[in-house]
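**Student:** Residue numbers (my numbering), protein chains in the order written: chain Y, 1 to 325; chain X, 1001 to 1275. Got a structure for you, written out below as structure tokens; questions coming shortly.
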């Protein structure tokens, strides 16, 4: 058994964060400095230990091979402006599952990114003083990828699902110029996702009014450009504030979105609940995941009904199995 | 697939592995249970000190993390004789599996050769989280200074532990799992002071873990039971006297589907063997 290298009890630096300094700077830690001798012996016994291919942290595109050996993971891209609540949505989804809510017909069968989910869920944890922590903005670095994994069993089959999160800023850059070198991760998500959650921030509509609409429509148009029939679910976040939005702006956004994504399902979500089984919080946050998963599992085929034929010839009138539908 | 009869008890520190093994040994010696001692084991060093402590009315001591013991006890079950391999080890080893995300040959061997796993979970020690999905509303802490940096939750650690051990065994999660058979033992049951069933308690304490097991194992290849190996803590003189007067083999019980207070602790092994 490879033992911890640091002399401080319970500290696994450098493999993990230094417990003493609560960060990656273990070299400056006094406990770690004392452990020079044990480090050497740990190195020799290292050969006996087999590392597990996943760490529990969120995944990057080049790490997907830990999943691809057992099937093609399905990627759900989260799209929306900065602060629209994309990461918070993931935190809430995990918290709801953690506390016993279920996605109907999609049973949780594991995750290789448990630590990543846990880290986000902590932002919703109520602290001793009754507050919740303000979540950090997702880094807007073009190399920052965070793919959150869920293994879900549906109809007896195991599906690997990845939620691809990135900063809203990167998506705004991408919406202005899809070839922007600073928007590489947004481009990757757009090219590789199998479905999208399109976030509309109710709070931004209240604050920025018409300007919010312009940004939303711009990103939406860009998402539509090479969509190739991939499903989109529209998520109105912070919907507990929805009544404060100007009606004319909401109507305009709804009209625009229904033109851009015809037939797309819209759901309103919130992190705050008024009752034990709150529609916006408990039911709709789960419904967003359920809706997009069901769309992925049962793609809606393009139905082109044969034009009705006016003729007396029975050969031409025969419409095969379509005839009875 | 036919599973072998090798049993592995998996449990983080303080889940009562050693106490259970000591109590099990006492029951086997007593020859009143479903499993009985067939002949004296050659060497009981591993269990003896824990067993002696209980007969003295003392609680068992934590097993040091580097300890890996195996005691071979010949037993008879329904007329059939076989050797029960009781493995005890420091629970810290289980914690290290997920803290370091690596395993050594010992654990690969344990995971591969034992087809019947008993997972010890102490529900009273499972930390309950309070977050926005439970509470209606909370102010945002704008400063972000008083954020507690506690590690990952117990629930996620148990999910990770099972994933890691399945990986060490080389068993994929794609199809529903038949082997290893999994018996989840909720230990220190007396601490809960509850009338709920073990299944209800697991669902209440760790719903996502419960969903994970049910979505990964074949129905019938896993089961959930309650265990109170000691029956009460040995903190006071009075309680210690009870152990001295009436002897350890008269304390401890299992919570089973067919009997909510089964005094025969050997039935835990029977349950693991009958999965």
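Ideal Cβ placement from N, Cα and C applies to all residues, glycine included. The model shown is predicted, which means the values in this text are computed figures rather than measured ones.
Check whether chain Y comes within 8 angstroms of residue 1020 of chain X, counting only Cβ atoms and requiring the distance to be less than that.
**Tutor:** No - not a single Cβ of chain Y is within 8 angstroms of the one on residue 1020 of chain X.
**Student:** Along chain X, in chain order, which residues have C-beta atoms closer than 8 angstroms to that of residue 296 of chain Y?
**Tutor:** Chain X residues near residue 296 of chain Y: none, gap ~18 angstroms exceeds 8 angstroms.
**Student:** Excluding the 5 residues preceding and the 5 following residue 1028 of chain X in the sequence, name in chain order all residues of the same chain whose CB lies nearer than 7 angstroms to its CB.
**Tutor:** Hits under 7 angstroms: 1035, 1036, 1037, 1073, 1075, 1266.
**Student:** Looking at the unbroken beta strand (DSSP E) that takes in residue 1226 of chain X, where does it start and where does it end?
**Tutor:** It spans 1222–1228 - the beta strand (DSSP E) in which residue 1226 of chain X sits, taken as one unbroken run.
**Student:** Mind checking whether residue 238 of chain Y and residue 278 of chain Y have CB atoms under 8 angstroms apart?
**Tutor:** Not in contact: residue 238 of chain Y and residue 278 of chain Y (Cβ atoms no closer than 8 angstroms).
**Student:** Does the Cβ of residue 39 of chain Y have 16 or more other Cβ atoms within 10 Å, making it buried, or fewer, making it exposed?
**Tutor:** Residue confidence is low: residue 39 of chain Y scores 40 on pLDDT, short of 50, so the model does not pin down where it sits. Its coordinate-derived value is still stated next. Residue 39 of chain Y comes out exposed.
**Student:** Counting only Cβ pairs nearer than 9 angstroms, list the residues of chain Y close to residue 1111 of chain X.
**Tutor:** In chain order: nothing, as chain Y lies at least about 11 angstroms away.
**Student:** By Cβ distance, which residues of its chain are closer than 6 angstroms to residue 95 of chain Y, with the 5 residues on each side in sequence left out?
**Tutor:** The residues are 121, 124.
**Student:** Throw me the rounded Cβ distance for the residue 160 of chain Y and residue 74 of chain Y pair, which I believe falls under 8 angstroms.
**Tutor:** That belief holds up - the Cβ atoms of residue 160 of chain Y and residue 74 of chain Y are roughly 7 angstroms apart, short of 8 angstroms.
**Student:** With distance defined between alpha-carbon atoms, name the residue in Y:137, Y:62, Y:158, Y:216 nearest to residue 70 of chain Y.
**Tutor:** Checked all of Y:137, Y:62, Y:158, Y:216; the closest Cα to residue 70 of chain Y is Y:158.
**Student:** Rounded to a whole number of angstroms, what is the C-alpha to C-alpha distance between residue 1262 of chain X and residue 1033 of chain X?
**Tutor:** Rounded to whole angstroms, residue 1262 of chain X to residue 1033 of chain X spans 11 angstroms at the Cα level.
**Student:** Would you identify the three-state DSSP class for residue 1132 of chain X, choosing helix, strand or coil?
**Tutor:** Here residue 1132 of chain X sits in coil by DSSP.
**Student:** To be precise: take each residue of the segment 75–99 of chain Y, compare its Cβ to all Cβ atoms of chain B, and keep it if any distance is under 7 angstroms. Which residues remain?
**Tutor:** Absent from the structure: chain B. Protein chains present are Y and X.
**Student:** Looking at chain Y, which residues of the segment 1061–1074 of chain X have a Cβ within less than 7 angstroms of any of its Cβ atoms?
**Tutor:** For the segment 1061–1074 of chain X, which is checked against every Cβ of chain Y, not one residue is closer than 7 angstroms.
**Student:** Going along the segment 243–272 of chain Y in order, which residues come within less than 8 angstroms of chain X, judged by CB to CB distance?
**Tutor:** Going along the segment 243–272 of chain Y in chain order, one finds 271, 272 with a Cβ nearer than 8 angstroms to chain X.
**Student:** With 8 angstroms set as the bound, which would you pick, yes or no: does the beta-carbon of residue 1218 of chain X sit closer than that to a beta-carbon of chain Y?
**Tutor:** By this cut-off, residue 1218 of chain X is not an interface position.
**Student:** Please check if any C-beta of chain Y sits within less than 8 angstroms of the C-beta of residue 1165 of chain X.
**Tutor:** No, residue 1165 of chain X lies away from the interface with chain Y (no Cβ there is under 8 angstroms from its Cβ).
**Student:** Quick one, which of X:1018, X:1056, X:1181 has its alpha-carbon nearest residue 1237 of chain X's?
**Tutor:** If we check each option's Cα against that of residue 1237 of chain X, X:1056 comes out closest.
**Student:** How should residue 142 of chain Y be labelled, buried or exposed, when 16 other C-beta atoms within 10 angstroms of its C-beta is the threshold for buried?
**Tutor:** When all chains shown are included, residue 142 of chain Y counts as buried.
**Student:** Going by beta-carbon coordinates alone, are residue 182 of chain Y and residue 164 of chain Y separated by less than 8 angstroms?
**Tutor:** No.
**Student:** Output the distance between the C-alpha atoms of residue 115 of chain Y and residue 63 of chain Y, rounded to the nearest integer angstrom.
**Tutor:** Going by the C-alpha atoms only, they are around 16 angstroms apart.
**Student:** Reducing DSSP to helix, strand and coil, say where residue 195 of chain Y ends up.
**Tutor:** Here residue 195 of chain Y sits in strand by DSSP.
**Student:** For residue 174 of chain Y versus residue 180 of chain Y, is the C-beta distance shorter than 8 angstroms?
**Tutor:** Going by C-beta atoms, residue 174 of chain Y is nearer than 8 angstroms to residue 180 of chain Y.
**Student:** Does DSSP classify residue 1177 of chain X as helix, strand or coil?
**Tutor:** Correct three-state label for residue 1177 of chain X: strand.
**Student:** Going by CA-CA distance only, name the one from X:1123, X:1046, X:1084 that's closest to residue 1204 of chain X.
**Tutor:** Measuring from the Cα of residue 1204 of chain X, the nearest candidate turns out to be X:1123.
**Student:** So the candidates are Y:291, Y:145, Y:130, Y:140; which of them puts its Cα closest to the Cα of residue 1140 of chain X?
**Tutor:** Residue Y:130 is the option with its Cα nearest to residue 1140 of chain X.
**Student:** State yes or no: is the beta carbon of residue 1208 of chain X nearer than 8 angstroms to at least one beta carbon in chain Y?
**Tutor:** Taking Cβ atoms only, chain Y reaches closer than 8 angstroms to residue 1208 of chain X, which makes this a yes.
**Student:** Go ahead and label residue 284 of chain Y buried or exposed: buried means 16 or more other beta carbons lie within 10 angstroms of its beta carbon, across all protein chains shown.
**Tutor:** Looking at its Cβ environment, which holds 16 or more other Cβ atoms inside 10 Å, residue 284 of chain Y is buried.
**Student:** According to DSSP, simplified to helix, strand and coil, what is residue 1027 of chain X?
**Tutor:** It is helical.
**Student:** For my contact list, residue 1156 of chain X and residue 118 of chain Y are in at a C-beta cut-off of 8 angstroms; report their separation, rounded to the angstrom.
**Tutor:** Confirmed, about 5 angstroms.
**Student:** Can you tell me the Cα-Cα spacing of residue 1268 of chain X and residue 1214 of chain X, whole angstroms?
**Tutor:** Taking the straight line from one Cα to the other gives about 20 angstroms.
**Student:** According to DSSP, what are the bridge partners of residue 146 of chain Y?
**Tutor:** DSSP, once it has assigned bridges, lists Y:165 as partnering residue 146 of chain Y.
**Student:** With DSSP collapsed to three states, give me the class of residue 1068 of chain X.
**Tutor:** Three-state DSSP puts residue 1068 of chain X in a strand.
**Student:** So, for residue 1015 of chain X: in the same chain, excluding its five sequence neighbours on each side, which residues have a beta-carbon less than 6 angstroms away from its beta-carbon?
**Tutor:** Result list for residue 1015 of chain X: 1120, 1122, 1187, in chain order.
**Student:** For a contact meaning CB atoms closer than 7 angstroms, what does residue 158 of chain Y contact in chain X?
**Tutor:** Neighbours of residue 158 of chain Y on chain X, chain order: 1173, 1174.
**Student:** Residues in its own chain within less than 7 angstroms of residue 1092 of chain X by CB, not counting five upstream and five downstream?
**Tutor:** 1013, 1065, listed in sequence order.
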